[in-house]
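To convert, take the position in the sequence shown, counting from 1, and add 116; that gives our numbering. Just so you know, even glycine gets a beta-carbon here, dropped at the ideal spot from N, CA and C. This structure is a prediction, so every number in the text was calculated from the model and none was measured.
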Amino acid sequence: MEQRPTAPFGRVLTAIITPFDENGSVDYVTFSRLVNHLVHNGSEGIVVAGTTGESPTLSSAEKISLFRAAVDAAKDKTYIVAGVGTYNTAESCESARAARDCGVDGVMAVTPYYSKPPQSGIVAHMTAIADAAELPMMVYNIPGRTCKLIELDTLIELAGHPHICCVKDAVDNVPWSLDAIRALPEGFAVYSGSDGVTKQLVEGGAVGVVSVASHLAGVEIAKMVDAVISGDDDTAVEIDELLEPLIAALFSEPSPMPLKAGLTAYWDSVGSPRLPLVDAQPETTEAIGDALTAINRYRGS
């Protein structure tokens with residue numbers, strides 16, 4: 117990759133949680149309020165019904181309603197990217213077509229999980245979804261959850277598809293990711309998919325991040341990404357170090373358990389996760405609070 121490509125969905129995207137009410141149903145009112153909160157706090161894009169949105173426990177009908185609610189709430193102020201990938205190609209294609217009909221700006225598809233297909237199967241799966249969506253598409257590479265890495269040669273092949281424009285890289289192997297950024301075709305964008313390595317990947321040519329921590333520190337994350345891209349190393353290092361305790365707390369238990377606890381404590385109630393996830397431990401919420409206290413001091417300085 118000769119130079120940093122254009123960010124197709126903005127530099128900072130938030131992988132938004134799905135709020136639930138006391139009965140465990142999707143709370144669409146709170147979801148719409150959260151979309152607006154994110155738009156006004158650093159998010160240029162929002163990924164709906166991704167892992168952070170508890171996609172494995174959402175029904176197809178709930179996902180479609182969330183896509184529509186996000187589009188309505190955003191009112192063209194931010195990109196809406198629909199998480200449509202499952203381990204069922206036909207279901208993923210159906211979801212992609214439904215998302216397009218809801219008016220989203222793009223779709224995201226995770227590597228098929230559980231079935232562990234060969235690389236040729238990953239290509240066929242992603243190609244089918246991209247053909248069905250007929251929208252800009254983000255490929256989501258997260259072997260820690262899917263047990264299958266999208267290998268570099270496979271990514272390069274997928275980058276040749278007219279609709280596949282970027283990858284969310286949650287490989288959690290910085291040297292591998294930096295090599296991938298250098299090897300991918302010019303114009304194909306890489307987003308950090310792990311908050312903890314965003315600075316390193318953007319320094320290496322990534323265009324931005326699909327973030328979890330941006331629910332609580334979106335302005336700071338956007339400022340850090342901008343600082344890296346503009347060459348303001350001192351600011352980038354300062355904010356990266358400031359964010360470390362928050363990111364550590366948010367991933368100290370399975371995500372999005374800590375995030376939902378943090379939002380309920382320090383923003384507004386978003387309900388408990390759906391089983392098999394459970395509420396985070398009280399000490400996790402306390403750690404998030406301590407991290408936010410430091411961030412608030414930075415904001416006031």
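Quick check on Cys263: does DSSP put it in helix, strand or coil? As a working note, residue 263 is residue 147 in the sequence shown. Reduced to three states, the DSSP call for Cys263 is coil.
Residues near Ala333 in its chain [Cβ-Cβ closer than 7 Å; skip 5 each side]: By 1-based counting over the sequence shown, the position of residue 333 is 217. Here the set comprises Leu359, Leu362 and Ile411.
DSSP state of Pro228, grouped into three classes? Counting from 1 along the sequence shown, the entry for residue 228 is found at position 112. Pro228: coil per DSSP, three-state reduction.
Would you kindly work out how many angstroms separate the C-alpha atoms of Gly347 and Ile132, rounded to a whole number? Residue numbering aside, residue 347 sits at position 231 when the sequence shown is read from its first letter. Residue numbering aside, residue 132 sits at position 16 when the sequence shown is read from its first letter. If I take the Cα positions, the gap works out to 29 Å.
For Ser327 and Ala418, the rounded distance between their alpha carbons: No answer is possible for residue 418: the residues shown for the chain start at 117 and end at 417.
Pick helix, strand or coil for Asp87, following the three-state DSSP scheme. No answer is possible for residue 87: the residues shown for the chain start at 117 and end at 417.
Bounding residues of the beta strand (DSSP E) (the contiguous stretch that carries Ser308): The residue you call residue 308 lines up with position 192 of the sequence shown. Looking at the DSSP string, the run of the beta strand (DSSP E) that includes Ser308 is Ala305 to Ser308.
Compute the distance between the beta-carbons of Leu174 and Ala165, then report whether it is under 7 Å. Here residue 174 refers to the residue found at position 58 when the sequence shown is read from its first residue. Here residue 165 refers to the residue found at position 49 when the sequence shown is read from its first residue. Closer than 7 Å, so yes.
Looking at the secondary structure, which residues open and close the beta strand (DSSP E) in which Gly199 lies? Walking along the sequence shown from the start, residue 199 turns up at place 83. Here the beta strand (DSSP E) through Gly199 covers Tyr195 to Gly199.
Ala248 in three-state terms, based on DSSP: Here the question's residue 248 lines up with position 132 in the sequence shown. In this structure, DSSP gives Ala248 a helical state, which the three-state scheme calls helix.
Three or more C-beta pairs closer than 8 Å, one from the segment 230 to 244 and one from the segment 253 to 266: is that the case here? Segment contact: the segment 230 to 244 against the segment 253 to 266, three or more CB-CB distances shorter than 8 Å; contact assigned.
Length of the line joining the Cα atoms of Ala249 and Pro172: For the purposes of this step, residue 249 is taken as the residue at position 133 of the sequence shown. For the purposes of this step, residue 172 is taken as the residue at position 56 of the sequence shown. C-alpha separation (whole angstroms): 20 Å.
If you draw a straight line from the alpha carbon of Phe304 to that of Cys282, how long is it in whole angstroms? Looking up residue 304 in the sequence shown gives position 188. Looking up residue 282 in the sequence shown gives position 166. Taking the Cα positions, Phe304 is about 5 Å away from Cys282.
Closest Cα partner of Ala299 within the set Leu271, Thr351 and Ser310: Here residue 299 refers to the residue found at position 183 of the sequence shown. Here the closest residue by C-alpha is Leu271.
For the beta strand (DSSP E) that contains Leu129, what are its first and last residues? The residue labelled residue 129 in the question sits at position 13 within the sequence shown. Element bounds for Leu129: Val128 to Ala131.
Rounded separation between Ala296 and Asp285 - CA only: Within the sequence shown, the letter at position 180 stands for residue 296. Within the sequence shown, the letter at position 169 stands for residue 285. Approximately 10 Å between the Cα atoms of the pair.
Between Ser388, Val313 and Arg184, which has its C-alpha nearest Ile355's C-alpha? Locating residue 355 in the sequence shown gives position 239, counting from the first residue. It is Val313 whose Cα lies nearest to the Cα of Ile355.
Residues in its own chain within less than 8 Å of Glu170 by CB, not counting five upstream and five downstream? Sequence index remark: in the sequence shown, residue 170 carries index 54 (1-based). Taking Glu170 as the centre and dropping the five residues before and after it, the same chain places the C-beta of Ile133, Thr134, Pro372, Pro389, Arg390 and Leu393 closer than 8 Å to its C-beta, in chain order.
Close Cβ partners of Val318 (< 8 Å) along its chain, the five nearest in sequence each way excluded: If you number the sequence shown from 1, residue 318 lands on position 202. For Val318, where only same-chain residues beyond five positions count, the Cβ hits under 8 Å are Ser308, Gly324, Val325, Val341, Val344 and Ile345.
Using CA coordinates, which residue listed in Asp217, Ile238, Leu182 and Ala190 is at the minimum distance from Thr205? Looking up residue 205 in the sequence shown gives position 89. Measuring from the Cα of Thr205, the nearest candidate turns out to be Ile238.
Rank Asn157, Phe367 and Gly199 by C-alpha distance to the C-alpha of Ser176 and give the top, closest one. Here residue 176 corresponds to residue number 60 of the sequence shown, with the count starting at 1. If you compare the alpha carbons of Asn157, Phe367 and Gly199 with that of Ser176, the shortest gap goes to Gly199.
Rounding to the nearest angstrom, what Cα-Cα distance links Met253 and Asp247 in this structure? As a first step, residue 253 must be located in the sequence shown, where it is residue number 137. As a first step, residue 247 must be located in the sequence shown, where it is residue number 131. Met253 and Asp247 have their C-alpha atoms roughly 10 Å apart.
Would you decide whether Thr409 is buried or exposed? Buried here means 16 or more other CB atoms lie within 10 Å of its CB. For the purposes of this step, residue 409 is identified with residue 293 of the sequence shown, where counting begins at 1. Looking at its Cβ environment, which holds fewer than 16 other Cβ atoms inside 10 Å, Thr409 is exposed.
Which partner residues does Ser385 have in the DSSP bridge list? In the sequence shown, counting from the first residue as 1, residue 385 sits at position 269. According to DSSP, which records beta bridges pairwise, Ser385 is partnered with nothing at all.
Less than 7 Å separating the beta-carbons of Ile245 and Ala212? Residue 245 sits at position 129 when you count from the first residue of the sequence shown. Residue 212 sits at position 96 when you count from the first residue of the sequence shown. Remark: C-beta atoms of Ile245 and Ala212 approach each other more closely than 7 Å.
Check the C-beta distance from Gly158 over to Ile404 and give it rounded, since I have them as a contact under 8 Å. Here residue 158 refers to the residue found at position 42 of the sequence shown. Here residue 404 refers to the residue found at position 288 of the sequence shown. In this structure Gly158 does not touch Ile404 by the C-beta definition: roughly 18 Å separates them, more than the 8 Å allowed.
Beta-carbon proximity list for Asp395, same chain, < 6 Å, skipping 5 on both sides: The residue you call residue 395 lines up with position 279 of the sequence shown. Shown here for Asp395: same chain residues with a beta carbon closer than 6 Å to its own, the five before and five after excluded, namely Ser388 in chain order.
Top-ranked residue by Cα proximity to Ser293, from Pro278, His279, Asp269 and His277: Taking the sequence shown and counting its residues from 1, the one referred to as residue 293 is at position 177. For Ser293, the nearest C-alpha among the options comes from Asp269.
Cα separation between Arg330 and Thr243? Locating residue 330 in the sequence shown gives position 214, counting from the first residue. Locating residue 243 in the sequence shown gives position 127, counting from the first residue. Here residue 330 turns out to be Ser, not Arg, going by the sequence shown. Looking at the two C-alpha atoms, the distance is approximately 30 Å.
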